[in-house]
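Residue numbers (our numbering), protein chains in the order written: chain A, 62 to 174; chain B, 551 to 667.
Glycine included, C-beta positions come from ideal geometry on N, C-alpha and C.
All values derive from a computational prediction rather than experimental measurement.
Structure (structure tokens):
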């Protein structure tokens, strides 16, 4: 019940296209769903996060879509750029002090110019 | 805001020696800090959860006597790898928990690359 499943493992998108990464969770107690971006040799950086009382959240070119009944959430990167090439991790947790994130296995995104 | 630093960024040590890694939250207070380990092209593996002023909680399979964690203040946690061996070589990343927009968000440090020779 603690797993977060992420797909695809890798993704190649043309510059200007839309990148879509999907995640599914099992634990219905989870109520905080962030996405992180990680470049090689660096720590993950928080991109955007959502609570389950909202079905969509947008920040710039990044949008999270959330489907509570399906226990799924996804990251959409609009107008993908070569600088977006990185590894993306979805995560989930119970949004309380002291609880740790459960991470998906990551998606390596390559945006070709 | 929400900056977490780690020091050192890279360290090479000889087998059998100990290495200390520092993690600091620079612009917020973190009652909870987390330590992760990451192998190449893999996800982050939680090693331990550390609350200020109390003993760390280690994940199953993580040797608490090998990976000593101290969380002495609301802005500083340290991870000491004792009697390091080549199999301890890895990328270690700390994370500090802060409150933003009503959510308990985790902010990550830049990581420390440990190489044991």
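Query                                                                                                                   : Result
Cross-chain neighbours of residue 601(B) in chain A, by beta carbon under 8 Å                                           : 159
Residue of 634(B), 644(B), 660(B) minimising C-alpha distance to residue 569(B)                                         : 634(B)
Exposure label - residue 666(B); buried when at least 16 CB within 10 Å                                                 : buried
Proximal chain B residues relative to residue 166(A), where beta-carbon distance stays under 9 Å                        : 592, 593
Boundaries (first-last residue) of the beta strand (DSSP E) holding residue 622(B)                                      : 617-623
The beta strand (DSSP E) enclosing residue 596(B), as first and last residue numbers                                    : 594-601
Span separating the alpha-carbon of residue 111(A) from that of residue 566(B)                                          : 44 Å
C-alpha gap between residue 649(B) and residue 616(B), whole angstroms                                                  : 31 Å
Test: residue 610(B) CB closer than 7 Å to a CB of chain A                                                              : no
Rounded Cβ spacing between residue 113(A) and residue 92(A) (contact assumed at less than 8 Å)                          : 5 Å
Proximal residues to residue 571(B) (C-beta, below 8 Å), its chain only, five neighbours per side dropped               : 556, 557, 558, 561, 628, 629, 630, 631, 642, 644, 662, 664
Amino acids of chain B, ordered along the chain, whose beta-carbon sits closer than 9 Å to that of residue 122(A)       : The contacting residues do not exist; residue 122(A) stays about 20 Å from chain B at best.
Residue 95(A) in three-state terms, based on DSSP                                                                       : strand
The region 601-617 of chain B touching the region 124-135 of chain A, judged by at least three CB pairs closer than 8 Å : no
Residues sharing a beta bridge with residue 576(B), DSSP                                                                : Per DSSP, none; premise fails for residue 576(B).
Pair within 7 Å by beta-carbon distance, residue 588(B) and residue 594(B)                                              : yes
Exposure of residue 638(B), with buried meaning 16 or more beta-carbon neighbours within 10 Å                           : buried
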